[in-house]
Amino acid sequence: MSSQESSEQSRDKAKNQPPAVLDLQAVSVLYSGKPAVKKVSCQILRNRITAIIGPSGCGKSTLLRSLNRMNDFVDGVSIEGKILFADQDLYGKGVDPVEVRRRIGMVFQKPNPFPKSIYNNIAWAPGINGYSGSMDELVERSLSQAALWEEVKDRLHESALNLSGGQQQRLCIARALAMEPQVLLMDEPCSALDPISTAHIEDLLFELKSRYTIVIVTHNMQQAARISDFTAFMEMGDLIEFGDTDQIFTRPLKKRTEEYVTGRFG
Amino acid sequence: MAFSTEQAQAQLQKRHRKSLYFARFCAFITWSSVFLLAVLLMQISIDGFGWLDWQFLDSFPSRFPERAGIKSALVGTLWLILMIAVISVPVGISAALYLEEFAGKGRLAKVIEVNVANLSGVPSIVYGILGLAIFVRFFALERSLVSGALTMSLLVLPTIIIASREAIKTVPMSIRYAALSLGATRWQTTWSHVLPASFPGIMTGVILALSRAIGETAPLIMIGALTFVAFLPQSPMDEFTALPIQIYNWVSRPQQEFHQLAAAGIIVLLIVLLLMNATAIYIRSKTEQRLK
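Line order of the protein sequences matches chains A and B. Each step along the first sequence adds one to the number in the working numbering, with nothing skipped, and position 49 is 49. So the working numbering is basically just the index in the second sequence, starting at one, shifted up by 1000.
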């Protein structure tokens, strides 16, 4: 690929860019005064997959959890800067964190289904949030979107804990999708899974892209390169580089990024 | 190699022997306490079994051993268990939930935590004095079932709180995060996920606490439960007696027959206890099955 071609490509992309769903403006996250994320600014675009990569302890999970206020449950955490979601600061006055989490869903590192039936895993959250449509339909739709319906449709009322790890993780994705969130945050969703289950989930993310905006933290650089449209590289709490995934992995602007993506450290 | 194979063999055999000795030692300790208990139960059964009949269960205490029965004490104890459970279980579980799920890690929570732990070690007679001063005198509840149940509730609350907290702690954080990330409030998370998942453990604590309560004598004597009751309590405000008090009363009589009556009373108390434990185990296995 010549450099001329690629610069044209990126100009094309810039023209057709979808709007930003989340706009991070100098976001810092501090643990009892000690910064874990330092002044990160970037935009998360709608219907795109944004990957956050970086070595362990670089603050990528912390940043992710600040996007739906899950950091509120960690003692001594404070946030500086702004995270705009639909033109409203997530940490602004009068913002209800429960409402934020309803609209920005999350999938965790280890599958964490409720110790209930498959059906109730999906139906619980819509139920408490006053969902009034047909619950059976919602359960089927969510499980289908997570590519799990065919495998579990005959045992919806069995315990979710009997599913395999990969199935449990897809159930957790389905559970998050049932709330029809605008953004789906994923914190290393494949790190506890075998390669086949991982491939399943990656395929799934491609499908979900058309309907959701996805931010995924991953340890696995190949995974980031395979699935994401944009990549953020973090180190020691700093956002070193943010850009088009192709560009980050083939022509990074910063030396540290190049060293990391080529496996020279980390 | 650093050591020869024969040496390794000898050393391995020595280690196996040590392991075997330790296992035997543990088995000995275990079985000797079981043996002591068996001897005790045998002794009581020999003494009391002959007296155990419908007449014994259905009669009030009497000066004449052959006419004496345990009806008022048994009914009093059943009343007590029920009232203690109604008072202490909701309060205890609520306190545990507050401390674990809502209080955070502030100084106040720490103070409460230390005090609860201390309270569980306070001798039961002290609770009796407290009950006498507060419930019997200050609130003028007299020597009623309510006074007894409230005093006993104070006594068992620390046990219930500590056991419930331990059970709540075993619920993985990931379950809470899962619920919260779906737009649930703290209370919805606690009610729908934390409480059901910790329920079996909480039940175990509750039953242990109630079992302790029905065996306690000192606080009841302190607040003035009667030792000779020839009527059944009709309401929580009535005077009462309980099984351990009746047993204590019979044991302190000089006549041999009353000692045998006491043994029969102990058997009844043990049966009540076993029934309670059986119920707890049943409920626990039922709820555990539902979770798996």
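Just so it is clear, CB atoms sit at the ideal spot from N, CA and C, and this is done for glycine as well.
Check your understanding: Nearest chain A C-beta to K1286(B) closer than 8 angstroms, yes or no?
Key -> no
**Study point:** Continuous beta strand (DSSP E) assignments of at least 3 residues falling wholly in the stretch 51-99 of chain A
**Key:** 77-85
Point to revise | Contact belief for S1181(B) with G105(A) at Cβ below 8 angstroms, rounded distance in angstroms | key: 7 angstroms
Practice item. Could you tell me if W1079(B) is buried or exposed, where buried requires 16 or more neighbouring beta carbons within 10 angstroms of its beta carbon? Key: buried
Point to revise | Own chain residues within Cβ distance below 6 angstroms of L1154(B), not counting five before or after | key: Y1127
Practice item. Starting from A1163(B), follow the beta strand (DSSP E) in both directions and report where the run begins and ends. Key: A1163(B) -> not in any beta strand (DSSP E); alpha helix (DSSP H) instead, spanning L1145 to K1169.
Practice item. Establish whether the CB of K1105(B) and some CB of chain A are separated by less than 8 angstroms. Key: yes
Review point. In terms of residue numbering, what span does the beta strand (DSSP E) encompassing A232(A) cover?
Key: F230 to E235
Check your understanding: Is it true that the CB of A1096(B) sits closer than 8 angstroms to the CB of I1168(B)?
Key -> yes
Practice item. Taking H1193(B) as the query, report the chain A residues whose CB atoms sit under 9 angstroms from its CB, ordered along the chain. Key: F114, P115, K116 and W124
Exercise for review: With DSSP collapsed to three states, give me the class of F242(A).
Suggested key: strand
Check your understanding: So with Cβ pairs under 8 angstroms, would you call Y1177(B) a contact of chain A?
Key -> yes
Check your understanding: Under 8 angstroms between C-beta atoms, does D187(A) make it to chain B?
Key -> no
Review point. How big is the Cα-Cα spacing for E258(A) and Q168(A)?
Key: 35 angstroms
Practice item. Mind the definition here: the stretch 196-208 of chain A touches the stretch 126-144 of chain A only if three or more C-beta pairs lie below 8 angstroms; say whether that holds. Key: no
Exercise for review: Show which residues of chain B have a CB atom less than 8 angstroms away from the CB atom of M70(A).
Suggested key: Y1177, L1180 and S1181
Check your understanding: What first and last residue would you give for the alpha helix (DSSP H) that runs through V1039(B)?
Key -> T1005 to G1048
Practice item. Taking A341(A) as part of the alpha helix (DSSP H), name the residues at either end of that continuous run. Key: This structure gives no information on residue 341(A), because the portion of chain A shown stretches from 1 to 266.
Practice item. Take K209(A) as the anchor and find which of Q182(A), D194(A), R69(A) and H219(A) has the nearest alpha-carbon. Key: Q182(A)
**Study point:** Proximal residues to S3(A) (C-beta, below 7 angstroms), its chain only, five neighbours per side dropped
**Key:** The predicted model places S3(A) with a pLDDT of 46, which falls under 50 and marks its position as unreliable; any figure quoted below should be read in that light. Nothing listed; no residue qualifies.
Practice item. Check the DSSP bridge columns for I214(A) and list the partner residues they point to. Key: I49(A) and L184(A)
Check your understanding: Beta-carbon of V98(A) versus every beta-carbon of chain B: anything under 8 angstroms?
Key -> yes
Check your understanding: Are I1046(B) and L1057(B) touching if we call contact CB-CB under 8 angstroms?
Key -> no
Practice item. Assess, as a yes-or-no matter, whether the stretch 121-131 of chain A is touched by the stretch 1201-1215 of chain B under the definition of 3 or more beta carbon pairs within less than 8 angstroms. Key: no
Review point. Does the count of Cβ pairs from the stretch 146-156 of chain A and the stretch 1220-1229 of chain B closer than 8 angstroms reach three?
Key: no
Check your understanding: Nearest to I44(A) by alpha carbon, out of L67(A), G59(A) and G57(A)?
Key -> L67(A)
**Study point:** beta strand (DSSP E) runs wholly inside the stretch 1084-1144 of chain B, at least 3 long, in chain order
**Key:** none
Review point. Within this structure, are the beta carbons of Q1255(B) and P1061(B) separated by less than 8 angstroms?
Key: no
Practice item. Give the interface partners of M179(A) over in chain B, defined as CB-CB distance under 9 angstroms, in chain order. Key: L1182 and G1183
Review point. Near S270(A), which residues of its chain fall below 6 angstroms by C-beta distance, leaving aside the five closest residues on each side in sequence?
Key: Missing from the structure shown is residue 270(A); chain A here goes from 1 to 266 and no further.
Point to revise | Range of the contiguous alpha helix (DSSP H) that encloses Y1248(B) | key: L1243 to V1251
Review point. Cβ of S1174(B) less than 8 angstroms from any chain D Cβ?
Key: The chain labelled as chain D is not found among the protein chains of the depicted structure, namely A and B.
Check your understanding: Does DSSP put E5(A) in a helix, in a strand, or in coil?
Key -> Per-residue confidence for E5(A) stands at a pLDDT of 47, beneath the threshold of 50, marking its modelled position as unreliable; the derived number appears in the next sentence. Note: E5(A) maps to helix in three-state DSSP.
Check your understanding: Are the CB atoms of F1135(B) and T1151(B) nearer to each other than 8 angstroms?
Key -> yes
Review point. Using a Cβ-Cβ distance under 8 angstroms, would A1167(B) count as near chain A?
Key: no
Review point. Taking the continuous beta strand (DSSP E) assigned at M1237(B), which residues delimit it?
Key: First-last for M1237(B): undefined, no H or E at that position.
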